[in-house]
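K.L.:
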Amino acid sequence: MGSRLPLWPEQASTISAQVDHLYIFLLCITAFFTVLIFSAIFYFAIRYRRRSEAELPPPITGGTALEITWSVIPLGITMVMFVWGAKLYVEINRPPSDAVEIFVVGKQWMWKLQHPEGQREINELHIPLGRAVKLTMTSEDVIHSFYVPAFRTKQDALPGRYTTTWFKPTQVGKYHLFCAEYCGTKHSGMIGLIYVMQPEEYQAWLSGGTGEGSLAANGQKLFQELACSNCHRMDTQGRCPSLAGVFGSKVELAGGGTVTADAAYIRESILDPSAKIVKGFEPVMPTFQGLVTEEGLLQLIEYIKSLGPKPGAPLGAPRTTSMAATESGKR
Amino acid sequence: MVNTETLAVREQFESAAQQKEASTLGMWIFLVTEIMFFGGLFTAYTVYRSFFADVFAAASNTLSATIGGVNTAVLICSSFTMALAVRASQLGQRRALVWLLIATMFFGSIFLGVKAYEWNEKFEEHHVPGPSFHLEGERNQGQAQLFFSLYFAMTGLHAAHMVVGLALLAVMAYRAQVGRFGPDYYTPIDVTGLYWHFVDIIWIFLFPLLYLIGRHHTA
Amino acid sequence: MITAAAEERVHYLNENYGIKSWLLTKDHKRIGLLYLATITLFFAIGGIFATLIRLELLTPMGDLVSSETYNKLFTMHGITMIFFFLVPSIPATLGNFFLPIMIGAKDLAFPKLNLLSWYLLVIGGIFALYAMLAGGVDTGWTFYVPYSSTFSNTYVVATAIGIFIAGFSSILTGLNFIVTVHQMRAPGMTWFRLPLFVWSHYATALIMVLGTPVLAISLVLVAVERLLHIGIFDPALGGDPVLFQHLFWFYSHPAVYIMVLPGMGVISELVSTFSRKQVFGYRFVAFASVAIAILGFLVWGHHMFVSGQSTYAGLVFSFLSFFVAIPSAVKVFNWTATLYKGSVSYATPMLYAFGFIGLFTMGGLTGLFVASLGVDVHVHDTYFVVAHFHYIMVGGTLMAYLGGLHYWWPKMTGRMYPEGWAKLSALVVFLGFNLTFFPQFVLGYLGMPRRYHVYPDEFQALHVLSTAGASVLAAGYIMPLIYFIWSLRYGPIAEDNPWGATGLEWKTASPPPTHNFEETPVVRHEAYDYAALAEEARVG
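Residue numbers (our numbering), protein chains in the order written: chain A, 10 to 340; chain B, -15 to 203; chain C, 2 to 541.
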């Protein structure tokens, strides 16, 4: 970031170049029509300038064929733009199933990020080159938005809900992270850096961090502290459903219907247990609203994910166990 | 009888007919804006009810469908007397017009009185949103409070419109009494009627949406 | 010709004197002038906020004002400019003044309601100004919850009340226009003989009437939540903050068409008069106005592509957003085609019209960028969007407003403005505008977010360019303020029809009599019939 005038953001993710291509296409169309209109006006204004006060131009009223042409052609062009942009958008909203999941909590006025292995970062994110990362985000207070211009990604972080975004970095370097939804006094201070590192350097960084234990391990501790294990026993003797292997599976509900046990379901079950009762069980679970923080919720979710065998969940459940496997050996 | 035509035509209009059409169209457009205004609340209601159907049903069941039903009947009566009032004005029946306007106000006032009673009941049962809100037997107090927020917002906005309607009716009753209206000029009665019927129709929607959720399940 | 010198003749300006005759007037022309004064004041206030913003942004650090103050500045700039300047601007000044005259009526359908509309704008403005002076509001003009409903410590409720009241000003104006156009056209003035200015104001009025009430209820809900903490948008209670966004944008997207459609109506008039030719494709332009109004209600979700709404919703809103671009493009092509084989004059109003067409084209095309899902993810909430809407609102609407003011000034005041200074101002505005806002497209794509008080160093050069442009632009606006006022006393007396234009307003005196016409006109030919006009001149 030198003193020369920057005109174009860096391309640092798999999607950046694609967004830029669409942008350039749009620029070309814009330039074409701008030049067309400017030139036409310029030319007509000069060629047909008023030469005498008495002159009366011919009574040209219009031409239907022309109207149809210059309606249909722009419509065709805009439909191309739509399809192109839509395809990109769908890809932007579909994280690959092998993406590593990182958790983000936005609050006034900082970003708190947690790696599944336990590293916590504030306003910074270290990730290895070439591996897809999926962010699961929420806010503790107002709406924020996680924006990395170099990756061309942006997603609002909402209170009370999880939203997700993903990216796969293609270039080593450090890139701006901005909050892109106005959130109060220090909105423009809610910025940070994304560090994309070579895989070896990333491993070094990972192991050099303060070993606070992985998210799942912390989740397990919380599970005990909050006495969840009294009811949710690993055998089926408790009054509550066993949570082994539940993540990503289809849960049958009392009153009919099924739901897929994703992160949002787990979160709801902890904060608002009476919303969905599992078939065959009584509504006896108390609410933990106010007793567990957003970060605690994410840790519990990670712990529950780690229980039991992983079904081939179509939800993009990250392989935290495989992440642990790659830690110890090189890929 | 006083020839009301030339007195009442404003300068900007070419004729009484043009004025009448303009006034009526103006009121219809105003009612469309009112539909959009209430529409925001109906949208919020639709969204939250679809999220929290059971909680809304439970909360709705704490309202008295009987009282709400009686109030609905009262309001329909008031629309009936209003329609008759318009007819009376068209026929030049001054006394009938005045009495029918007063009857409409009477029914409208009963409606508001009953509504005040209902609200008071809600207050005593701690169903008013705020720090002291509590719905018995409901695990999800937040969502139940949402129902009641919408209940008070929608019935409150409706009641405010009724108060304005009563004031309009009072003004019209006075003018009718001093003989301002007749077969040649009754447009204000006409547009007041439009407004009153609109307020009635809003209630016709509010009643089942707020009072009758899931009632066919309960005994 | 000049119908007897203005000083000797009775017209709407000198028929009555005294403050009461103005504050209690029912004359749509006087009400138009009351609005003119009011919105000029609000424009100045909004402009002061803009000046402070651009001065702060000269440096990457927050060294001119604190963050709290900066957040209030951009909020109040947006609120003042949108609700108290742009929305009323053309309809309430030029529309009020000329819509009745153009259709051959003596006034609007409901003159007292018209006066009430003005008072509502003033009262709403007083609430908003009170909030600004008492400490300000810092939620952004978009009032997103939960920040505005729960977290902000500023004068949100007072501001919301002010906007709520001003909203009713807008609704009543729209209601008045619709009834007037339906009911009070002169004999022979059929729908397809109406000037396109009237068509575009009719379409605008439809939006005002249908959209503004939804803004009203949205603001009521925010205020109620703030005051009573009932939690309608509070996630802890099950409320949904994104619901607010849906309700808010349901009005605020059509609102941008409220702001640009009247400008398009002005441009149709200017392009026709100063080419001395009928607008090419009259019916297409007329229908395009209505199409914009209708389609404009279907696209609000394009402000919410990254809000957490579903991908499916994003696809639908993006698709429809591309459709709404087409009628605008059709208008631009038709205006350009009007010049073909015309008799083009370079009078100041036409220079503004040229500026509008060029800058609106650019602004409108950049709308395609933000409608495009894949690109919008990157540019949403950046300076790209800021540049896009300023191209349309300032490069478009404001230029149309200035063009219209210059065009109808002689009719409204009986005086001509100084043409040399006016041409210079138009040029200064055009250059200053582009220098201010073009760098912002680049800033936005680079990733500079909106509403940022401090920013990374590498963005500074572009910000300096933008601020430099803003100072030029400011000069371009101050000049007309001075010479318009000057012209009231010293400007040359204007003729009835100084431009040789068609339209009923040019058949009456400059300034018009209070009742607009000595006798109700009967319309016998199509709009923009210059041959008929020349014929009448020869015969008359």
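All C-beta atoms in this analysis are idealised placements derived from N, C-alpha and C, irrespective of residue type, glycine included.
1. Could you check how far apart the C-beta atoms of Leu144(A) and Thr174(A) are, in whole angstroms? I think they sit under 8 Å.
2. List the residues of chain B that Asp281(A) touches, going by C-beta distances under 7 Å, in chain order.
3. What residues in its chain sit with their C-beta under 8 Å from that of Glu226(C), if we drop five residues either side in the sequence?
4. Whose C-beta lies closer than 8 Å to the C-beta of Asn45(B) among residues of the same chain, with five residues either side of it excluded?
5. If you measure from the beta carbon of Ile479(C) to each beta carbon in chain A, is any gap under 9 Å?
6. Determine, using beta carbons only, whether Leu307(A) comes closer than 9 Å to chain C.
7. Please confirm whether Trp120(A) has its beta-carbon closer than 9 Å to some beta-carbon of chain C.
8. Quick check on the DSSP output: the beta strand (DSSP E) that includes Met119(A) runs from which residue to which?
9. Starting from Asp235(C), follow the beta strand (DSSP E) in both directions and report where the run begins and ends.
10. Taking the alpha-carbon of Tyr158(B) as reference, which of Glu108(B), Ile188(B) and Leu81(B) has the nearest alpha-carbon?
11. Would DSSP call Ile286(A) helix, strand or coil?
12. Go through the stretch 363 to 391 of chain C residue by residue and report every complete run of the alpha helix (DSSP H) that reaches 4 residues or more, in order.
13. Who are the neighbours of Leu85(B) on chain C, taking C-beta pairs under 8 Å?
14. Kindly list, in the order they appear in chain A, the residues whose Cβ is closer than 8 Å to that of Ala326(C).
15. Please confirm if Met20(B) has its CB atom under 9 Å from at least one CB of chain C.
16. Within its chain, find whatever has a CB closer than 7 Å to the CB of Val455(C); leave out the 5 residues flanking it on each side and keep chain order.
17. Does DSSP classify Ile24(A) as helix, strand or coil?
18. Would you kindly work out how many angstroms separate the C-alpha atoms of Gly114(B) and Ala137(B), rounded to a whole number?
19. With a cut-off of 8 Å on the beta carbons, I'd call Val429(C) and Ala476(C) a contact; round off their distance for me.
20. Could you tell me which chain C residues have their CB closer than 8 Å to the CB of Val44(A), listed as they occur along the chain?
21. Straight-line CA distance for Ala322(A) to Ser258(A)?
22. Please report the distance separating the alpha-carbon of Ala551(C) from that of Pro522(C).
23. Do Lys163(A) and His1(C) count as a contact pair if the criterion is CB distance below 9 Å?
24. Could you give the DSSP three-state label for Glu110(A): helix, strand or coil?
25. With 9 Å set as the bound, which would you pick, yes or no: does the beta-carbon of Met10(A) sit closer than that to a beta-carbon of chain C?
26. What does His454(C) touch in chain A if you count any residue whose Cβ is under 7 Å from its own?
27. At least one CB of chain B closer than 9 Å to the CB of Lys542(C): is that the case?
28. Helix, strand or coil, according to DSSP, for Ala532(C) in the structure here?
29. When you check each C-beta in the stretch 160 to 191 of chain A against every C-beta of chain C, which residues fall closer than 7 Å?
30. Could you tell me the boundaries of the alpha helix (DSSP H) in which Glu210(A) lies?
31. Put Lys319(A) into one of helix, strand or coil per three-state DSSP.
32. Would you please state the rounded distance, in angstroms, between the beta carbons of Ser93(B) and Leu134(B)? I believe it to be under 8 Å.
33. In three-state terms, what does DSSP make of Gly140(B)?
34. What did DSSP end up calling Leu25(C) once you bin it into helix, strand or coil?
35. Is Tyr384(C) near Leu316(C), with beta carbons less than 9 Å apart?
36. Give me, in chain order, the residues of the same chain whose beta-carbon lies closer than 7 Å to that of Ala272(A); leave out the 5 immediate sequence neighbours on both sides.
P.N.:
Answer, in terms of the structure:
1. By one-based count along the first sequence, residue 144(A) stands at place 135. By one-based count along the first sequence, residue 174(A) stands at place 165. About 5 Å; that satisfies the 8 Å criterion.
2. Here residue 281(A) is taken as the residue at index 272 of the first sequence, counted from 1. The answer, in chain order, is Asn124.
3. For the purposes of this step, residue 226(C) is taken as residue 225 along the third sequence, with counting starting at 1. These residues qualify, in order along the chain: Val146, Ser150, Thr151, Gly232, Ile233, Phe234 and Asp235.
4. In the second sequence, the residue the question calls residue 45(B) occupies position 61. Only Ile197, Gly198, Arg199 and Thr202 meet the Cβ criterion.
5. Here residue 479(C) corresponds to residue number 478 of the third sequence, with the count starting at 1. Not closer than 9 Å to any Cβ of chain A, the Cβ of Ile479(C) fails to qualify, so no.
6. As a working mapping, residue 307(A) is identified with position 298 in the first sequence. With 9 Å as the cut-off, Leu307(A) does not count as an interface residue toward chain C.
7. Position 111 of the first sequence, counted from the start, is the residue given in the question as residue 120(A). Taking Cβ atoms only, chain C never reaches closer than 9 Å to Trp120(A), which makes this a no.
8. Position 110 of the first sequence, counting from 1, holds the residue named residue 119(A). Residues Met119 to Gln123.
9. If you number the third sequence from 1, residue 235(C) lands on position 234. Premise fails: Asp235(C) is in no beta strand (DSSP E) and is neither H nor E.
10. Counting from one through the second sequence, the residue named residue 158(B) turns up at place 174. The residue with the shortest Cα to Cα distance from Tyr158(B) is Leu81(B).
11. Locating residue 286(A) in the first sequence gives position 277, counting from the first residue. DSSP places Ile286(A) in coil when its eight states are reduced to three.
12. 374 to 380
13. Taking the first residue of the second sequence as 1, we reach residue 85(B) at position 101. In chain order: nothing, as chain C lies at least about 23 Å away.
14. Sequence index remark: in the third sequence, residue 326(C) carries index 325 (1-based). Those within 8 Å of Ala326(C) in chain A are Pro83 and Thr87.
15. Your numbering for residue 20(B) matches position 36 in the second sequence. Yes, Met20(B) lies at the interface with chain C (some Cβ there is under 9 Å from its Cβ).
16. Reading the third sequence from its first residue, position 454 is the one you call residue 455(C). Cβ neighbours of Val455(C) beyond the five flanking positions: Pro61, Met62 and Gly63.
17. Locating residue 24(A) in the first sequence gives position 15, counting from the first residue. The answer is coil: DSSP assigns Ile24(A) none of H, G, I, E or B.
18. Residue mapping note: residue 114(B) aligns to position 130 of the second sequence, counting from 1. Residue mapping note: residue 137(B) aligns to position 153 of the second sequence, counting from 1. The alpha-carbon atoms of Gly114(B) and Ala137(B) are separated by roughly 13 Å.
19. Within the third sequence, the letter at position 428 stands for residue 429(C). Within the third sequence, the letter at position 475 stands for residue 476(C). Confirmed, about 6 Å.
20. Start at 1 with the first residue of the first sequence, and residue 44(A) comes out as number 35. Neighbours of Val44(A) on chain C: none; closest Cβ ~10 Å, over 8 Å.
21. Position 313 of the first sequence, counted from the start, is the residue given in the question as residue 322(A). Position 249 of the first sequence, counted from the start, is the residue given in the question as residue 258(A). Reliability fails at Ala322(A), whose pLDDT of 38 lies under 50, so the model's placement of it is uncertain and no value is given.
22. No answer is possible for residue 551(C): it lies beyond the span of chain C, which begins at 2 and ends at 541.
23. With chain C covering only 2 through 541, there is no way to say anything about residue 1(C).
24. Position 101 of the first sequence holds residue 110(A). Residue state, collapsed to three classes: strand.
25. Your numbering for residue 10(A) matches position 1 in the first sequence. With a pLDDT of 42 at Met10(A), under the threshold of 50, the modelled position of that residue is not reliable, and no figure is offered here.
26. The sequence position of residue 454(C) within the third sequence is 453, counting from 1. What His454(C) touches in chain A: Ser197.
27. No statement about residue 542(C) is possible, as the shown extent of chain C runs from 2 to 541 and does not include it.
28. The residue you call residue 532(C) lines up with position 531 of the third sequence. Helix.
29. Answer in chain order: Arg161, Thr162, Lys163, Gln164, Asp165, Leu167, Pro168, Gly169, Arg170, Thr172, His185, Phe187, Ala189, Glu190 and Tyr191.
30. Looking up residue 210(A) in the first sequence gives position 201. Unbroken alpha helix (DSSP H) run through Glu210(A): Pro208 to Gly217.
31. The sequence position of residue 319(A) within the first sequence is 310, counting from 1. With a pLDDT of 45 at Lys319(A), under the threshold of 50, the modelled position of that residue is not reliable, and the figure given next carries that caveat. Note: Lys319(A) maps to coil in three-state DSSP.
32. One-based indexing of the second sequence puts residue 93(B) at position 109. One-based indexing of the second sequence puts residue 134(B) at position 150. Taking 8 Å as the upper bound for CB-CB distance, Ser93(B) and Leu134(B) are not in contact here, some 25 Å apart.
33. Here residue 140(B) is taken as the residue at index 156 of the second sequence, counted from 1. Reduced to three states, the DSSP call for Gly140(B) is helix.
34. Counted from its first residue, the third sequence places residue 25(C) at position 24. The answer is coil: DSSP assigns Leu25(C) none of H, G, I, E or B.
35. Counting from one through the third sequence, the residue named residue 384(C) turns up at place 383. Counting from one through the third sequence, the residue named residue 316(C) turns up at place 315. No.
36. As a working mapping, residue 272(A) is identified with position 263 in the first sequence. Correct list, in chain order: Thr145, Tyr171 and Ile310.
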